[in-house]
Amino acid sequence: MYDKIQLPYSYDALEPYIDAETVNIHYNKHLQTYVNNLNKILEGYDDLVNKYTLKELLFNIEKVPKRIRQDVINQGGGVYNHNLYFSILSPNPTKCPTGKFLNEINKAFGSFDKLKKNLTEASIKQFGSGYGCLVKDKHGKLMIMKTPNQNCPLNEKLIPILMIDVWEHAYYLKYKNLRQNYVENIWNVIDWAKVEEYYNK
Ligand code: MN3
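Numbering (the working numbering), first residue to last: 3 to 203.
Pasting the structure below:
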């Protein structure tokens, strides 16, 4: 069985940037549905479930039998991406990266501000549902990408360390059609200490 993370804050903790109703529905309904669907798909595949964490399963997606592979990409990505998304948000975020991570950011993007600018742009420009992502490759090199639907960068052997959910369900109640405002505001609640922890893992 794969599961969602415990939400490390209350539903209203990210106000005014992300409203309580959105967090509640997003976490309890949308994410839970991905969890339920994934576990249903994997019924009878105990060998996979017992052998791999969800991260390993998505990273080694070619090991998943073809007849359920796309479903695992969709539903497993839905679980993993949301767990990552919710885990890097915080009502008391560390606002800046440090140390080796900051050096890598400067090397890859020129500056921390430039990284935020590029990732904001990628998130806004993702056509339709998906995510803007900060990923690292196996050498620790940082890249910005966007992914459609629930595709997870792990499927491409890249490790996501920050994902911004730009499905309408992530912002529509408060921001309506204004994805740009949501993405610009989300920087107020992104915890760079957590992102840095994922980078160093
Ligand atoms: Mn979502």
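Cβ atoms here follow ideal geometry from the backbone N, Cα and C, with glycine treated the same way.
If you look at residue 167, you'll find it in the beta strand (DSSP E) that goes 161–167. No heavy atom of the ligand MN3 is found nearer than 8 Å to the CB of residue 194. In this chain, residue 149 is not harboured by any alpha helix (DSSP H); it is covered by the beta strand (DSSP E) spanning 144–150. Sequence-distant partners of residue 173 (beyond 5 residues in either direction) whose C-beta falls short of 6 Å from its own C-beta, in its chain, are 184. At the C-beta level, residue 20 and residue 179 stay beyond 9 Å of one another. Counting only beta-carbon distances shorter than 6 Å to the non-hydrogen atoms of the ligand MN3, the qualifying residues in chain order are 28, 32, 84, 167, 169, 171 and 172. Between residue 110 and residue 121, the gap from beta carbon to beta carbon reaches 9 Å or more. Within the region 70–141, the runs of beta strand (DSSP E) at least 3 residues long that lie entirely inside it are, in chain order, 132–138.
In chain order, 22, 25 and 26 place their CB closer than 6 Å to the CB of residue 13, counting only its own chain and leaving out the 5 sequence neighbours on each side. Separation of the CB atoms of residue 59 and residue 79 is rounded to 10 Å, and the pair is thereby denied contact status at 8 Å. For the pair of segments examined, the region 122–133 was found to touch the region 148–155: the number of CB pairs separated by less than 8 Å reaches three. In the displayed model, residue 192 falls within a strand according to three-state DSSP. Just so you know, the alpha carbons of residue 17 and residue 89 end up roughly 16 Å apart. Boundaries of the alpha helix (DSSP H) around residue 36: 34–43. Shown here, residue 182 sits in a helix according to DSSP, grouped into three states. At a Cβ-Cβ threshold of 9 Å, residue 167 and residue 95 do not count as neighbours.
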